[in-house]
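Engineer: Its first residue numbered 178, the sequence shown is counted upward by one per residue in this note's numbering.
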Amino acid sequence: MTKILIPLDGSAAGARAIEQVLQRGAAGLELHLLNVQLPVDGNVRSFVSSDELNAYHRDEGLAELAAARAQLDAAGVAYQQHVLVGHPADQISRFAAEQGFDEIVMGSHGRTSLLQLLMGSVAAEVSEQAKTRVTLVK
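1) Per DSSP, what kind of secondary structure is Asn-212 in: helix, strand or coil?
2) Return yes when the C-beta of Thr-312 is under 7 Å from any heavy atom of the ligand SAM, and no when it is not.
3) Among the residues of its own chain, which have a CB less than 6 Å from the CB of Glu-237, if the five just before and after it don't count?
4) Where does the unbroken beta strand (DSSP E) through Arg-201 begin, and where does it stop?
5) Return the chain-ordered ranges of every beta strand (DSSP E) run that is complete within the segment 204-289 and spans a minimum of 3 residues.
6) Among all the DSSP beta bridges, which residues are the ones paired with Thr-312?
7) Ignore the nearest five residues each way along the sequence and tell me which others in Gln-197's own chain have a CB closer than 6 Å to its CB.
8) Whether or not the segment 221-238 and the segment 275-286 are in contact is what I'm after, with contact meaning three or more pairs of Cβ atoms, one per stretch, closer than 8 Å; do they touch?
9) Whether or not the segment 237-251 and the segment 204-214 are in contact is what I'm after, with contact meaning three or more pairs of Cβ atoms, one per stretch, closer than 8 Å; do they touch?
10) Starting from the Cα of Gly-284, find the closest Cα among Asp-186, Lys-180 and Ile-181 and give me that residue.
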């Protein structure tokens, strides 16, 4: 069974990644959806309990996975979902290594190289960091 990680941020690029995986056919695939939430500012932690903060991150992450879940549900494809907190590229790369994924399939927003250079790109960072094969979908 091929274990595939699909990091998603709720964008159209993520939907294209799901479509690309579905075109392969789901037989023999173990799909995992992942959303990485950015941590909140340290000052907020003074006013909100860790349970409330965890619930917030979980709810926000699941909301960003909703469209992908609907796509896979409509296709009758099983999947698992995960929400992590931290720097997206670091968390995606670490999670893929720890969980033994065979491939990461993720959407690329298609930014120009100048914008990518100035802003950075999660997809580009994952491609550089990950020990796992990375497929970028435009």
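C-beta atoms are modelled at their ideal positions from N, C-alpha and C, and glycine is treated no differently.
Structural biologist: According to the structure shown:
1) strand
2) Within the structure as shown, the ligand SAM is missing, as the structure has no ligands at all.
3) Gln-214
4) No beta strand (DSSP E) contains Arg-201, which is instead part of the alpha helix (DSSP H) from 189-201.
5) 206-214, 256-262 and 280-284
6) Val-282
7) Val-314
8) no
9) yes
10) Asp-186
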